[in-house]
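J.:
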Amino acid sequence: MAAKEDLYSKILPRRLRQNRAGSMKCSSSLDVLLSMGFPKPRALKALVSTGGRSVQAACDWLFSHVDDPFLDDPLPREYVLYLRPSGPLQNQLSHFWQQSRITCGKNKAHNIFPHITLCQFFMCADHKVEALCEALQASVQQWRGRFPSPLPLELYTSSNFIGLFVEEQVADILKLFAADFAAEAVRKAEVHVEPHKKQLHVTLAYNFPSDHLPSLEKLAKGIEVKLGCDWLAVLFSRDIRFANHETLRVMYPYVPQNDDELELVPGDFVFMSPVDQNSTSEGWVYGTSLATGLSGLLPENYVSLADESDTWVFHASHSFFSCEASDKGSKDRGLFDGLLDSRRPDSTSPGDTPSLSLICHPMQVLRISGGHSRQPKRTLFVCRHGERMDVVFGKHWLSLCSDSKGRYVRSNLNMPPSLPLWGGQRDYDMDAPITVFGSTQARLVGEALLESNTAIDFVYCSPALRCVQTAQNILKGLQQDSKLKVRVEPGLFEWTKWVSGSSMPASGFCLVAYFTPLIRRETKTMFMSLCIPPGFPLSVGNNVLIVAHASSLEACTRQLQGRSPQSAKDFIQVVRKVPDFGIVSPLILDLLKLLSNLNLY
1 MAAKEDLYSK ILPRRLRQNR AGSMKCSSSL DVLLSMGFPK PRALKALVST GGRSVQAACD
61 WLFSHVDDPF LDDPLPREYV LYLRPSGPLQ NQLSHFWQQS RITCGKNKAH NIFPHITLCQ
121 FFMCADHKVE ALCEALQASV QQWRGRFPSP LPLELYTSSN FIGLFVEEQV ADILKLFAAD
181 FAAEAVRKAE VHVEPHKKQL HVTLAYNFPS DHLPSLEKLA KGIEVKLGCD WLAVLFSRDI
241 RFANHETLRV MYPYVPQNDD ELELVPGDFV FMSPVDQNST SEGWVYGTSL ATGLSGLLPE
301 NYVSLADESD TWVFHASHSF FSCEASDKGS KDRGLFDGLL DSRRPDSTSP GDTPSLSLIC
361 HPMQVLRISG GHSRQPKRTL FVCRHGERMD VVFGKHWLSL CSDSKGRYVR SNLNMPPSLP
421 LWGGQRDYDM DAPITVFGST QARLVGEALL ESNTAIDFVY CSPALRCVQT AQNILKGLQQ
481 DSKLKVRVEP GLFEWTKWVS GSSMPASGFC LVAYFTPLIR RETKTMFMSL CIPPGFPLSV
541 GNNVLIVAHA SSLEACTRQL QGRSPQSAKD FIQVVRKVPD FGIVSPLILD LLKLLSNLNL
601 Y
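Take the sequence shown: its position 380, counting from 1, is numbered 380 in full-length UniProt numbering, and each next residue is one higher.
#1: Can you give me the Cβ contacts of aspartate 276 inside the same chain, cut-off strictly under 7 angstroms, excluding the 5 residues immediately before and after it?
#2: Which word fits asparagine 200, buried or exposed, when buried means at least 16 other C-beta atoms lie within 10 angstroms of its C-beta?
#3: Tell whether a beta-carbon distance below 7 angstroms holds between asparagine 207 and asparagine 244.
#4: For tryptophan 397, which three-state DSSP category applies?
#5: Would you mind reading off the limits of the alpha helix (DSSP H) that contains asparagine 543?
#6: Taking C-beta to C-beta, are tyrosine 82 and cysteine 124 nearer than 7 angstroms?
#7: I'd like the span of the beta strand (DSSP E) that includes alanine 432, first residue to last.
#8: When DSSP builds the beta bridges, which residues end up paired with leucine 248?
#9: When you compare the region 125-143 with the region 38-54, are there three or more beta-carbon pairs, one atom per stretch, that lie closer than 8 angstroms?
#10: With serine 284 as the anchor, note down where its beta strand (DSSP E) starts and where it stops.
#11: Can you name the residues that DSSP bridges to cysteine 119?
#12: Hey, leucine 232 and serine 86: beta-carbon distance below 7 angstroms or not?
#13: Would glutamine 90 be called buried (16 or more neighbouring beta carbons within 10 Å of its own) or exposed?
#14: Short of 6 angstroms in beta carbon distance, which residues of its chain neighbour glutamine 141, apart from the five on each side in sequence? Order them along the chain.
#15: Around the Cβ of leucine 62, are there at least 16 other Cβ atoms within 10 angstroms (buried) or fewer (exposed)?
#16: For proline 114, count the other beta carbons within 10 Å of its own beta carbon; 16 or more makes it buried, fewer makes it exposed. Which is it?
#17: Look at the alpha carbon of lysine 40 and the alpha carbon of lysine 218, and state the distance between them as a whole number of angstroms.
#18: Contact check, leucine 153 vs valine 202 under 8 angstroms by CB: the rounded distance?
#19: With a cut-off of 8 angstroms on the beta carbons, I'd call valine 250 and aspartate 239 a contact; round off their distance for me.
#20: Measure the alpha-carbon distance for leucine 290 versus leucine 297 and round it to whole angstroms.
#21: Relative to the C-alpha of alanine 171, which residue among His192, Lys198, Glu190 is closest?
#22: Could you check whether proline 195 and alanine 178 sit closer than 7 angstroms to each other, using their CB atoms as the reference points?
#23: According to DSSP, is phenylalanine 165 part of a helix, a strand, or is it coil?
#24: Count the other CB atoms, across all protein chains shown, that sit within 10 Å of the CB of asparagine 107; report buried if there are 16 or more and exposed otherwise.
#25: At which residues does the beta strand (DSSP E) containing glycine 296 begin and terminate?
#26: Are methionine 272 and leucine 248 closer than 7 angstroms when you measure CB to CB?
#27: According to the Cβ coordinates, are serine 319 and aspartate 230 closer than 7 angstroms?
#28: Quick one: Cα of methionine 504 to Cα of histidine 396, how far?
#29: Does DSSP put histidine 385 in a helix, a strand or coil?
#30: At which residues does the beta strand (DSSP E) containing arginine 77 begin and terminate?
#31: Taking the continuous alpha helix (DSSP H) assigned at threonine 311, which residues delimit it?
#32: What's the gap between the Cα of glutamate 300 and the Cα of tryptophan 284?
#33: Spatial neighbours of lysine 188 within its chain, please: CB distance less than 8 angstroms, with the 5 preceding and 5 following residues excluded, ordered by chain position.
#34: Rounded to the nearest angstrom, what separates proline 472 and serine 215 at their Cα positions?
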């Protein structure tokens, strides 16, 4: 024992290593990538394409682009310099961005975050990007103490444009800064930058329908332009090849079935050019993946329209009032890179309205005024029916589960043990039941509502068999199937767009061109109005469940939010993206707010 103590006593205390500034010479990210065996052009392209975040990010980019046919293309990226607000004014502008999108839908201004453009897009070779960032830093340092504060902004509106314009004398000062940056960029990086020559402004909305002008103008007048603001000089880049493409966000995974198809991973972005869509089949588009650089065909209903700046790369940000370095870790990079802060879930302040996730695109809860904050709320749940037989087993599914005498025989475990008494077999051709999995989906949703102590007061459903079955199974999960009765509402049946009579003669049919039908076909507007009909339960505190079709998620919630109807084309695109059992939950509505917006009585 004594010998063991002597042994341990001879061990010297371990000297802890301290991270002292300058004690270790760190290799640059480029040197690390070169030491790993990557060619210099590829290493530079990877660093630039990831904003120089880290060696790991660059490696991930290189590995994901290993099959990219343009990996070794020397084409440089396009860069742009913006003034971006921060602080209280930025919060006001972000609120306008969100509320304008909720109230009136997306317009062209939503493609980019709030900013003032200081120069045109310009190209810079990958090996000169570091020098370009140094040029920006040097220019901002020269202007600290000279930058005008606050920036005087004035609201301007026209029939299809709303913006905040910088006072002319101050705008001239900002243009001098842009000119200094252009000169510094030539000196340090040999890059030609053309300063912005138009009036400097923050675009709030443009290229929107004229009937949205009053709502947008009202929101714009609510922006307090005199609030404090630290304007940041920010540098972004984009892939020049996709400058005029539409940006799509991948919503659902897809595994290619053919060699010419593109693999889809949720969270990725796809660039789509309208020129490339001439030879594609209906329901398919041709695009290029941001994550891999590969191109191919993809199902149109697996993607949704995204904002252009979602795919931009952030390179630098400098304040005119703070002397802190721009690359102070991941804080700034996370703020700008990828999904910008206006779309980040952690960027909202405690007073902001929480967002409501819709399967197709983000929608948000109506902001409730403080005067009615103590009134009980009502909750509306809108869901699509569960998985149906004809979708899983094909249009002629009945032939797979019928014997020689026409009796139903279960030939697959996903088929129900028996069919409800719903008439003859032909009735099932037009009105298919749900599968076992569809019933399980519905029951689990009901159980989830039960576990969360959510009570349902009214259940409305479409007369379609699949909707009735889904509603009944939800009530089973809620343990309310013997207490709560389902109300079948014909107005909830899905809208069908028929071929117009005026277009049939062009196809060779001999028809009366201007015949007025005795019973007019249902228009989309009529369908939307029937989804929330007169007599809809408006008692304070009622929770309502609607079980209907894919179109119901949009039709039953859009007008309750005070939003104008979409065009038929946009409406169909939304409907095609709703999966089985897509659900909007919950849409909280204040009774007084609802009555003030809708004339339901």
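Just so you know, even glycine gets a beta-carbon here, dropped at the ideal spot from N, CA and C.
No experiment lies behind these values; they were computed from the predicted model shown.
T.: The relevant details are as follows:
#1: Here residue 276 is taken as the residue at index 276 of the sequence shown, counted from 1. Cβ contact annotation for aspartate 276 (same chain, cutoff 7 angstroms, sequence separation greater than five): Tyr286, in chain order.
#2: Residue 200 sits at position 200 when you count from the first residue of the sequence shown. It is worth fixing the name first, because residue 200 is leucine in this sequence and not asparagine. Buried.
#3: Against the sequence shown, residue 207 aligns to sequence position 207. Against the sequence shown, residue 244 aligns to sequence position 244. Not in contact: asparagine 207 and asparagine 244 (Cβ atoms no closer than 7 angstroms).
#4: As a first step, residue 397 must be located in the sequence shown, where it is residue number 397. DSSP places tryptophan 397 in helix when its eight states are reduced to three.
#5: Looking up residue 543 in the sequence shown gives position 543. Asparagine 543 -> not in any alpha helix (DSSP H); beta strand (DSSP E) instead, spanning 543-548.
#6: Position 82 of the sequence shown holds residue 82. Position 124 of the sequence shown holds residue 124. Result no, Cβ atoms of tyrosine 82 and cysteine 124 do not sit closer than 7 angstroms.
#7: Position 432 of the sequence shown, counted from the start, is the residue given in the question as residue 432. Alanine 432 -> no beta strand (DSSP E), and no H or E assigned at all.
#8: The sequence position of residue 248 within the sequence shown is 248, counting from 1. Note: leucine 248 is bridge-paired with Val270, Leu305 in the DSSP secondary-structure output.
#9: With the cut-off at 8 angstroms, the region 125-143 and the region 38-54 touch.
#10: Within the sequence shown, residue 284 is the residue found at index 284, counting from 1. Reading off the sequence shown, one finds tryptophan at residue 284, where the question assumed serine. Where tryptophan 284 is concerned, the enclosing beta strand (DSSP E) stretches over 284-289.
#11: Indexing the sequence shown from 1 puts residue 119 at position 119. DSSP links cysteine 119 through a beta bridge to Pro195.
#12: Position 232 of the sequence shown, counting from 1, holds the residue named residue 232. Position 86 of the sequence shown, counting from 1, holds the residue named residue 86. Contact: yes.
#13: Counting from one through the sequence shown, the residue named residue 90 turns up at place 90. Buried, because 16 or more other Cβ atoms sit within 10 Å of the Cβ of glutamine 90.
#14: Counted from its first residue, the sequence shown places residue 141 at position 141. Once the five neighbours on either side are set aside, glutamine 141 has no close Cβ partner at all.
#15: What you label residue 62 is simply residue 62 of the sequence shown in a count that begins at 1. Leucine 62 comes out buried.
#16: The sequence position of residue 114 within the sequence shown is 114, counting from 1. Classified as buried, proline 114 has 16 or more neighbouring CB atoms from the shown chains inside 10 Å of its CB.
#17: The residue you call residue 40 lines up with position 40 of the sequence shown. The residue you call residue 218 lines up with position 218 of the sequence shown. Counting only the Cα atoms, lysine 218 lies some 53 angstroms from lysine 40.
#18: Here residue 153 is taken as the residue at index 153 of the sequence shown, counted from 1. Here residue 202 is taken as the residue at index 202 of the sequence shown, counted from 1. The pair is a contact, with the Cβ atoms about 7 angstroms apart (cut-off 8 angstroms).
#19: In the sequence shown, residue 250 corresponds to position 250, counting from 1. In the sequence shown, residue 239 corresponds to position 239, counting from 1. Under the criterion of beta carbons closer than 8 angstroms, valine 250 and aspartate 239 do not qualify as touching, at roughly 17 angstroms.
#20: What you label residue 290 is simply residue 290 of the sequence shown in a count that begins at 1. What you label residue 297 is simply residue 297 of the sequence shown in a count that begins at 1. Roughly 14 angstroms separates the two Cα atoms.
#21: Translated into the one-based positions of the sequence shown, residue 171 becomes position 171. Ranked by Cα distance from alanine 171, the first of His192, Lys198, Glu190 is Lys198.
#22: Here residue 178 corresponds to residue number 178 of the sequence shown, with the count starting at 1. Here residue 195 corresponds to residue number 195 of the sequence shown, with the count starting at 1. Judged by beta-carbon spacing, proline 195 lies within the 7 angstroms limit of alanine 178, meaning their Cβ atoms are closer than that value.
#23: Within the sequence shown, the letter at position 165 stands for residue 165. Strand, per DSSP.
#24: Counting from 1 along the sequence shown, the entry for residue 107 is found at position 107. Burial check for asparagine 107: the Cβ neighbour count within 10 Å reaches 16 or more, so the residue is buried.
#25: Residue mapping note: residue 296 aligns to position 296 of the sequence shown, counting from 1. Going by DSSP, glycine 296 is part of the beta strand (DSSP E) stretching over 295-299.
#26: Here residue 272 refers to the residue found at position 272 when the sequence shown is read from its first residue. Here residue 248 refers to the residue found at position 248 when the sequence shown is read from its first residue. Yes, Cβ-Cβ distance for methionine 272 and leucine 248 is below 7 angstroms.
#27: The residue labelled residue 319 in the question sits at position 319 within the sequence shown. The residue labelled residue 230 in the question sits at position 230 within the sequence shown. Yes, Cβ-Cβ distance for serine 319 and aspartate 230 is below 7 angstroms.
#28: Here residue 504 refers to the residue found at position 504 of the sequence shown. Here residue 396 refers to the residue found at position 396 of the sequence shown. At methionine 504, the pLDDT of 47 sits below 50, so the modelled position is not reliable and the matter cannot be decided from this model.
#29: Taking the sequence shown and counting its residues from 1, the one referred to as residue 385 is at position 385. In the structure shown, histidine 385 adopts coil according to DSSP, grouped into three states.
#30: Along the sequence shown, read from residue 1 onward, the residue named residue 77 stands at position 77. Following the DSSP letters along the chain, one finds arginine 77 inside the beta strand (DSSP E) bounded by residues 77-84.
#31: The residue labelled residue 311 in the question sits at position 311 within the sequence shown. No alpha helix (DSSP H) contains threonine 311, which DSSP labels as neither H nor E.
#32: Position 300 of the sequence shown, counted from the first residue, corresponds to residue 300. Position 284 of the sequence shown, counted from the first residue, corresponds to residue 284. The alpha-carbon atoms of glutamate 300 and tryptophan 284 are separated by roughly 5 angstroms.
#33: Along the sequence shown, one-based indexing puts residue 188 at 188. Correct list, in chain order: Ala131, Leu132, Glu134, Ala135, Ala138.
#34: Here residue 472 is taken as the residue at index 472 of the sequence shown, counted from 1. Here residue 215 is taken as the residue at index 215 of the sequence shown, counted from 1. Here the sequence assigns glutamine to residue 472, which means proline is not the residue at that position. Taken atom to atom, the span from the alpha-carbon of glutamine 472 to that of serine 215 is near 41 angstroms.
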